[in-house]
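Chemist: Line by line, the protein sequences are chains A and B.
Per the working numbering, the first sequence starts with residue 333, numbered consecutively.
Per the working numbering, the second sequence starts with residue -15, numbered consecutively.
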Amino acid sequence: MIQTLGLTGYWAGCAGVALTAWAATRLITEPSGPARSAPLVSLVWGLGATGLGFVLSQQAESGWNAPIAWPILPFSAWAALASGLASLVLVGRFLGMADRSARLRALRQAASLAGIAAASSLWFRLSGDPVSLASGAIPLSMTGGLGLLALLACSGLVMALVVLVPRVQATVPYRNPEVPLFRVQTEGATVIAHLVERSGGNLRLEIERPGSMHGTLIDVKTSAADEIDRQIPVVRARLDGSEVTGAVVEEMKDGNRRVRVLSPDARRGEEFVASPAVLDPVRRIGLRTENYPLALEELPAETGFGLLYLRNTALLVILNVVGTLLSSALVAYAFSRMRFPYKRPLFIVLLSTMMLPAAVTLMPSFLIYRWLGWVDTLYPLWVSAFFGSAFNVFLLRQFFLSVPRELEEAAKLDGCSYLRTFWRVMLPQVKAALAVIGIWTFMGTWNNFMGPLIYVSSPENMTVAYATQLFAGDKVAEPGLLMAFATMAMAPVLAVFFFAQRYFLEGVAITGLSAR
Amino acid sequence: MRLLALIPLVLCAWLVGGCGSEPKQVYTRRVVTVWGVAGEEKGFYAAVRAFEHSHPNLRVRVLSMGTGGMSPQKLLTSIVGRVPPDVIYQDRFTVSDWASRGAFRSLDDLVARDRRDPLSPKAEQYYPAAWNEAMYGGKVYAIPLRVDDRALYWNRAVFRENAATLRQAGLDPERAPRTWSELLAYGKALTKFDASGNPVRLGFIPNLGNSWLYLYAFQSNAAFLSADGRRCTLDSPETEAALRFMKDGYDIVGGYEKAQAFQTADLGGEQDAFMTGRVAMKIDGNWTLGSIVLYGPRTDFQVAPAPVPDDRYFGRGRFAGEKDRFVTWSGGFSWAIPTGARHVDDGWEFIKWITSVEGRLYQDEENAKWQRLQGRAFIPRMHANVEANEKAFRLFKPADPKFADALRVHMDLMAHSRTRPPTFAGQLLWDEHARAVENACSNRMGVKEALLAGQRVVQRELDDSFTIERYPEMNPWIPWVTFGAILVCFKLSLYRRWRRMRLGRNARQEARWAYAFITPWLVGFGALTLGPMLASLTFSFTRYSVLSPPRWVGLSNYADLATSDRDHMLKALSNVAYLGGLGVPLGIATGLGVALLLNAGVRGLRFYRTCFYLPSIVPAVASAVLWWWVLAPDPHRGLVNAAWTATISRWLHLEAPGWLSAEAWAKPALIAMGLWGAGSGMILWLAGLKGIPTSLYEAASLDGAKPAQSFWKITVPQLTPIIFFSAVMGVIGSLQEFDRAYVLTTGLGFGPGDSLLTPVYYLFSHGFGYFRMGYASAIAWITFVIILLLTLLQFRLAPGWVRSEEERE
């Protein structure tokens, strides 16, 4: 009895998951507004069913096993489940349909989905022990835990998508005979500009893109200019009582739009003028990828689309990482393993440099750097790294403290000098900690915004993080551009972390210890 | 993998090559540096190019220097360091704060010199309110660029839908309210709640949009300062009447907290509460027209002068004989030249062009073009220059009469506009008035009491500043002499101890080596850290505005902290105690838990690790925006509360938390955000786990230990040095909590009920907001001492539980 209840619970849970997935999809595709409440309720029901299944299924199998299995069911099982459900839905719809051609289409789709379901369940059957998989008998493991976390992350993503369904304006290409658009090479850059006036063989053009050069007038030879299409937005409107789709061919000076009808075919080519308030932009679900080039184009041309920022940042990152690792390790070693007068008070002093809020030492520090003539250079941003930072010294000290003393004593007996002991014996023992400090310094330097803000004023000395902040300040009205820029600022760090982690997190061998 | 190895090589080549091949740009033209420009439209940059075109010997460099405006730290350091920009774009109401401390240059001589120049600004061309706001002590310090003013926006569609309800209440649905009592009546009639008490639509929220107490107080004829600027009149009966009105307004919509939750979630854009009809009326500035035309051009709205006290409208009582029936409040930005600017004349040329009628219309023209190109309608913003304003209205009048009429209302209101009083304590007055509004409206204090509390703080600052002369100026050499003395003392005692210790040869050699090893830190400490630390200690005994020499006040900063400001300080400390007490252990547990998961040999581990690390590298600006989306209290916006209202509220009838807009939830929200960044700690734990010899686990499993046992008996003891490190750093970090609180409150106030007030936030607002660096230093040193004591305590307790190889000496 309990077994049956448990298995029922398990499948109730599965149905719950399916319902949740369906509701989430509905939420994604549904436009915002009250229409969302229905799928939201389903989502809640689905989650509820999942929870119920979770509780009940524990009766069937011992402990936590069953629920862990769901998110990590093999891909084939999911495919079978999803396509089977979809085909059932389609059959249901087929029964309710009146239109012949639509019925045929639905039937065909249902059949093909059923085929997929059959194929995937076969694959699922062949790929392992389906019985134990279906009842969820997979023990709690790291894989399971990670799968569950991944599912959580994914559901978070789905939630984010529900709120922010990305939609882009539909456009059609158009050439305006009066104000043609050209692509031109000027001063080494490709710009897009429209015609202002023609004189002889020359054209006077006004630059539209890149954004940083917008509004600049240039003169070019007719032969050097390439006419290109302008992408104009598609809108829907009511014209004489009937619905039409058209494209905006002109943004008029008084704020009204001139629209040329695209469909229905009977009225194609007709033009009318309307206020933007009565035009309904046609949008489709999609990603607005042009945010990325547009964000880069907003940067001043002399920064090479941000390459200059990247170079400054890379320089700072390298200097800071090298400086911090060298100096902090030396200082930390002395504080952890060597005996000398004033060791404890000096260590407290070292720690205390972290305890005074930086806001009040900002001004005197600034004056010191100004006295050195380093304001508006990169020096203030890396020189101090070579003097060791309290935070890293403390961290490394903790790691040095846990290294067995025997190692050091053995080195001493072999006649190693202190420097050599440090370099050859002790440093390799704390490789992992050095890696952590390396990453932290890397990230800290990469994202440091306050330092460059205070010390740097010229664009040629700016860093990526600073540019991101300035960008946020300048383009507050365009969150899309800001997020695109932030993503680009983040991407290199992410890539470095992804590819290099094996060197510092996995490649760290604990030499000399494992033999103990 | 070989490709990966190439990356460093290429990188080096690029860095070195880049440095070599690109010689420092040599400008043959003089550079005019312009700071503080943020969120300006394309037209401004076009006008800059036109300026460069007409001045071939000049080059203009425009920078915002901070998010959404000028960072006060940057401006302050640059002026003190005598490397200021040539021109600064500054919010007008702060001009007097800076000018009174000698940070801006008076422009009188330049205005007088160029009297004949048609481009040159002249007082008579400007709206008096705008021009006077940029003056201090009878001198002109800045040239106003734009003006804004506030008016009532009412959604006609909502009025029409509810015509029956309005008529029932004896109100005309075809017109906007004109008096305060009408406004409240309309607001009440249009407010609607659903069955569970969540607002469906609110009629009117006193401070949605932009009105603050200032607008209502000006309408009630209140001034915030006496005419001579020596007495703060925040507690006057007029202001009290205005605040009472606001409180009534909040009571109608279900209280301040509810309204705040509704309001802070309003991200604007297409989901703007007013445009979507979820708020029927609001008071806002003319800038909001731009966002309506962009996101909700179909909104059926109208603009009317903001309702005034009934007596003012009917011209009776204390308003009898008043010439302005309606009153508005205006502000805006303006151009100034900081003291010590290198190219004053060039900067002035630039200001002249950018503020001239011609320059203004040029900017409008270019803006209009850009907006057209983007497929948007253009609504001109208002100029402080009357002629330019009228011309711009004629030239760029929106085609839609709805917008044109709205703009006209705003322009006509400029004749009845008031501005904030020019004073050196402008920022303090602002902050205190905002705090009084919150305290009174949320029923934490009575109206009178709240205003009086604010008045006292401002008055103390005024009194102190007017009597500053009685304190002696501090000798600037004091910190340096102390610094030298400490170095000498240290050296001497080291030498003596060295002699006294009679170390053996080996021990002496070891000590020598040890000092050699810590030399980098000693040098850095002596050269870069000790000086500033001592300087701040010295400043804590002074009144120091940074822009003028410090004056010695003895212990009075500390005394103030212990007496009149004790409540704030205690609140700040209890806040960080909460944050640290809950946040540090949770952070350690989360980081360690994730690290344990990610330490397993699972496929795709690199991917998972990167995922978990991702949050800690998201730039702060981006993550602040993200968290707003997640934690916004309004269930229609915030992800968490959307799920909450759909589940927990429905089943258990528990109200969704207000997160960042509720006093009780702001700190938990901050802690949750901290846990999101646990990935950064995760890698430390991973490193620690790697350091545990596998032989220990092998031995344990041979002895038949269960995983849980080996976790508690091997993993945790082996990790104690790192747990200790995390605990110490966590305490230091949480007592210095600032960045996140600052970003989340966007620098406006300290969160609901001061719930995000932290010591560093408090000292920051004093140091860089109110120019009280001495006081800020005193707060810093108190914080310092507390952290030091806690850290020493932790070190004292450490030998009891932290495993260390050192103790086996």
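Backbone N, C-alpha and C define an ideal beta-carbon position, used for all residues, glycine too.
If we call anything under 9 angstroms between Cβ atoms a contact, is Gln347(B) one with Ala650(B)?
Modeler: Indexing the second sequence from 1 puts residue 347(B) at position 363. Indexing the second sequence from 1 puts residue 650(B) at position 666. Not closer than 9 angstroms, so no.
Chemist: Just the Cα atoms here: how many angstroms apart are Arg515(A) and Arg541(A)?
Modeler: In the first sequence, residue 515(A) corresponds to position 183, counting from 1. In the first sequence, residue 541(A) corresponds to position 209, counting from 1. Straight-line Cα distance between these residues: approximately 10 angstroms.
Chemist: What residue from Gly510(B), Tyr455(B), Ser532(B), Gln493(B) has the CA that sits closest to Val472(B)'s CA?
Modeler: For the purposes of this step, residue 472(B) is identified with residue 488 of the second sequence, where counting begins at 1. Ranking the options by Cα distance to Val472(B), first place goes to Gly510(B).
Chemist: Name the DSSP bridge partner or partners of Asp133(B)?
Modeler: Along the second sequence, read from residue 1 onward, the residue named residue 133(B) stands at position 149. Partner(s): Ser314(B).
Chemist: Would His37(B) be called buried (16 or more neighbouring beta carbons within 10 Å of its own) or exposed?
Modeler: As a first step, residue 37(B) is located in the second sequence; it is residue number 53 there, counting from the start. His37(B) comes out exposed.
Chemist: Which stretch, first to last residue, makes up the alpha helix (DSSP H) that contains Ala683(B)?
Modeler: Mapped onto the second sequence, residue 683(B) falls at position 699. Element bounds for Ala683(B): 678 to 686.
Chemist: Checking contacts by CB at 9 angstroms: is Pro534(B) closer than that to chain A?
Modeler: The sequence position of residue 534(B) within the second sequence is 550, counting from 1. With 9 angstroms as the cut-off, Pro534(B) does not count as an interface residue toward chain A.
Chemist: Does DSSP put Asn191(B) in a helix, in a strand, or in coil?
Modeler: In the second sequence, the residue the question calls residue 191(B) occupies position 207. Three-state result, Asn191(B): strand.
Chemist: What do you reckon, are the CB atoms on Pro322(B) and Glu117(B) nearer than 9 angstroms?
Modeler: Along the second sequence, read from residue 1 onward, the residue named residue 322(B) stands at position 338. Along the second sequence, read from residue 1 onward, the residue named residue 117(B) stands at position 133. With a cutoff of 9 angstroms on beta-carbon distance, Pro322(B) and Glu117(B) are scored as not near each other.
Chemist: Roughly how far, in whole angstroms, is the beta-carbon of Pro504(B) from the beta-carbon of Gly720(A), given that I think they are within contact range, below 8 angstroms?
Modeler: Position 520 of the second sequence, counted from the start, is the residue given in the question as residue 504(B). Position 388 of the first sequence, counted from the start, is the residue given in the question as residue 720(A). That belief holds up - the Cβ atoms of Pro504(B) and Gly720(A) are roughly 5 angstroms apart, short of 8 angstroms.
Chemist: When you compare only the Cα positions, how much space is there between Pro632(A) and Val576(A)?
Modeler: Along the first sequence, read from residue 1 onward, the residue named residue 632(A) stands at position 300. Along the first sequence, read from residue 1 onward, the residue named residue 576(A) stands at position 244. In a straight line, the C-alpha of Pro632(A) is about 42 angstroms away from that of Val576(A).
Chemist: Just to confirm my understanding: we take Leu155(B), look at its own chain, exclude 5 residues before and 5 after, and list those with CB closer than 7 angstroms. What are they?
Modeler: Taking the first residue of the second sequence as position 1, residue 155(B) is located at position 171. Contacts found: Ala169, Tyr170, Ala173.
Chemist: Specify whether the segment 669 to 678 of chain A and the segment 732 to 750 of chain B touch according to this definition: at least 3 beta carbon pairs, one from each stretch, less than 8 angstroms apart.
Modeler: no
Chemist: What separation, rounded to the nearest whole angstrom, lies between the Cα atoms of Met429(B) and His417(B)?
Modeler: Numbered from its first residue, the second sequence carries residue 429(B) at position 445. Numbered from its first residue, the second sequence carries residue 417(B) at position 433. Going from the Cα of Met429(B) to the Cα of His417(B) covers about 14 angstroms.
Chemist: Kindly indicate the opening and closing residues of the beta strand (DSSP E) around Leu549(A).
Modeler: Residue 549(A) sits at position 217 when you count from the first residue of the first sequence. That run of the beta strand (DSSP E) goes 549 to 553.
Chemist: Does any C-beta atom of chain A lie closer than 9 angstroms to the C-beta of Phe709(B)?
Modeler: Looking up residue 709(B) in the second sequence gives position 725. By this cut-off, Phe709(B) is an interface position.
Chemist: Among Trp772(A), Phe726(A), Trp778(A), which residue has its Cα nearest to the Cα of Phe708(B)?
Modeler: As a first step, residue 708(B) must be located in the second sequence, where it is residue number 724. Ranking the options by Cα distance to Phe708(B), first place goes to Phe726(A).
Chemist: Which residues in chain A have a C-beta closer than 7 angstroms to the C-beta of Ile716(B)? List them in chain order.
Modeler: Walking along the second sequence from the start, residue 716(B) turns up at place 732. By Cβ distance, chain A contributes Met686, Met687.
Chemist: If you draw a straight line from the alpha carbon of Phe202(B) to that of Trp196(B), how long is it in whole angstroms?
Modeler: What you label residue 202(B) is simply residue 218 of the second sequence in a count that begins at 1. What you label residue 196(B) is simply residue 212 of the second sequence in a count that begins at 1. Distance between the alpha carbons of Phe202(B) and Trp196(B) is about 11 angstroms.
Chemist: Count the other CB atoms within 10 Å of the CB of Pro783(B); is the residue buried (16 or more) or exposed (fewer)?
Modeler: By 1-based counting over the second sequence, the position of residue 783(B) is 799. Pro783(B) should be labelled exposed.
Chemist: Suppose you measure from the CA of Phe830(A) to the CA of Ala114(B); what does that come to, to the nearest Å?
Modeler: Here residue 830(A) refers to the residue found at position 498 of the first sequence. Here residue 114(B) refers to the residue found at position 130 of the second sequence. Cα-Cα distance, rounded: 55 angstroms.
Chemist: Tell me where the beta strand (DSSP E) around Met265(B) begins and ends.
Modeler: Counted from its first residue, the second sequence places residue 265(B) at position 281. Here the beta strand (DSSP E) through Met265(B) covers 263 to 269.
Chemist: Which residue wins for smallest C-alpha separation from Ala96(B), given the options Gly508(B), Pro69(B), Lys336(B)?
Modeler: As a position in the second sequence, residue 96(B) is number 112, starting the count at 1. With distances taken between Cα atoms, Ala96(B) lies closest to Lys336(B).
Chemist: Would Val762(A) and Phe732(A) be called neighbours here (beta carbons separated by less than 9 angstroms)?
Modeler: Numbered from 1 along the first sequence, position 430 holds the residue referred to as residue 762(A). Numbered from 1 along the first sequence, position 400 holds the residue referred to as residue 732(A). Going by C-beta atoms, Val762(A) is nearer than 9 angstroms to Phe732(A).
Chemist: At the 9 angstroms Cβ level, is Gly564(B) part of the contact set with chain A, yes or no?
Modeler: Locating residue 564(B) in the second sequence gives position 580, where the first residue counts as 1. Chain A, which has no Cβ nearer than 9 angstroms to the Cβ of Gly564(B), makes this no.
Chemist: Using the DSSP secondary-structure output, state which residues sit across from Ser531(A) in a beta bridge.
Modeler: Along the first sequence, one-based indexing puts residue 531(A) at 199. According to DSSP, which records beta bridges pairwise, Ser531(A) is partnered with Asn534(A).
Chemist: How about Tyr674(A): is its C-beta nearer than 9 angstroms to some C-beta of chain B?
Modeler: Counted from its first residue, the first sequence places residue 674(A) at position 342. Interface with chain B (9 angstroms Cβ-Cβ cutoff): Tyr674(A) is included.
Chemist: Would you tell me roughly how many angstroms separate the C-alpha atoms of Tyr759(B) and Ser524(B), rounded to the nearest one?
Modeler: Locating residue 759(B) in the second sequence gives position 775, where the first residue counts as 1. Locating residue 524(B) in the second sequence gives position 540, where the first residue counts as 1. The alpha-carbon atoms of Tyr759(B) and Ser524(B) are separated by roughly 6 angstroms.
Chemist: Quick one: which chain A residues come within Cβ less than 8 angstroms of Ser55(B)?
Modeler: Within the second sequence, the letter at position 71 stands for residue 55(B). By Cβ distance, chain A contributes Leu785.
Chemist: Check whether chain A comes within 9 angstroms of Val10(B), counting only Cβ atoms and requiring the distance to be less than that.
Modeler: Walking along the second sequence from the start, residue 10(B) turns up at place 26. At Val10(B), the pLDDT of 49 sits below 50, so the modelled position is not reliable and the matter cannot be decided from this model.
Chemist: Going along chain A in order, which residues have a C-beta closer than 7 angstroms to the C-beta of Ser761(B)?
Modeler: Counting from one through the second sequence, the residue named residue 761(B) turns up at place 777. Per Cβ cutoff of 7 angstroms: Val692.
Chemist: Against chain B, with Cβ distances strictly below 9 angstroms, would Met758(A) count as a contact?
Modeler: Locating residue 758(A) in the first sequence gives position 426, where the first residue counts as 1. So no, Met758(A) is outside the interface.
Chemist: Of all Cβ atoms in chain B, is any one closer than 9 angstroms to the Cβ of Phe514(A)?
Modeler: Numbered from its first residue, the first sequence carries residue 514(A) at position 182. Answer no: the Cβ-Cβ gap between Phe514(A) and chain B never drops below 9 angstroms.
Chemist: Counting only C-beta atoms, is Ser329(A) closer than 9 angstroms to chain B at any point?
Modeler: The shown model of chain A, from 333 to 848, leaves out residue 329(A), and the question about it has no answer.
Chemist: Using a Cβ-Cβ distance cut-off of 9 angstroms, determine whether Ser48(B) contacts chain A.
Modeler: Locating residue 48(B) in the second sequence gives position 64, counting from the first residue. Interface residue, yes.
Chemist: List the DSSP bridge partners of Ser401(B).
Modeler: Taking the first residue of the second sequence as 1, we reach residue 401(B) at position 417. DSSP lists Thr312(B) as partners of Ser401(B).
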